[in-house]
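Read through the structure below, which is laid out as structure tokens, and then see the notes.
Residue numbers (the working numbering): 2 to 116.
Have a look at this one:
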């Protein structure tokens, strides 16, 4: 399975792929990448499909640290999805200075923001 950096994920998401955040809804609400869609790993492992925005498109899987996204990427690849995993997850995303938004819409792009 292919793994990419946060910077590569930022470039790829929106261009030809969908960034799919596999954290749980409470984690998502505290801060996620703009344009990402939520598909919790717990839902994917119970057999739920990807959200409509991600179906039939290449997927970039991301979580907090990279562990769950790696698991999600393996699961999705087994289902035939073109998927890559983000090394270091949202922690690496924030450390790279990439934008992070909270559910309220307020920016929380503080470097090192863990979610």
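Glycine included, C-beta positions come from ideal geometry on N, C-alpha and C.
In the DSSP annotation of this structure, residue 103 is not part of any beta strand (DSSP E), being labelled neither H nor E. With a beta-carbon spacing of about 17 Å, residue 93 and residue 2 fall beyond the 8 Å limit used to define contacts. Around residue 7, the same chain offers 87, 89, 93, 94, 97 and 99 as residues with beta carbons nearer than 7 Å, after the five sequence neighbours per side are excluded. A direct Cα-to-Cα measurement between residue 75 and residue 40 gives close to 14 Å. Close CB contacts of residue 83 within its chain, under the 6 Å cut and outside five residues either way in sequence, are with 59 (chain order). Taking C-beta atoms as the reference points, residue 45 and residue 34 fail to come closer than 7 Å. Under the 10 Å beta carbon count, residue 17 is surrounded by fewer than 16 other beta carbons and is classified as exposed. Here the alpha carbons of residue 62 and residue 68 stand approximately 10 Å from one another.
Note on residue 81: under 16 other CB atoms within 10 angstroms of its CB, so exposed under the neighbour-count rule. Excluding its 5 nearest sequence neighbours in each direction, residue 51 has C-beta neighbours in its own chain below 6 Å: 40, listed in chain order. Contact between residue 101 and residue 4 does not hold, since their C-beta atoms are separated by about 21 Å, which reaches or exceeds 8 Å.
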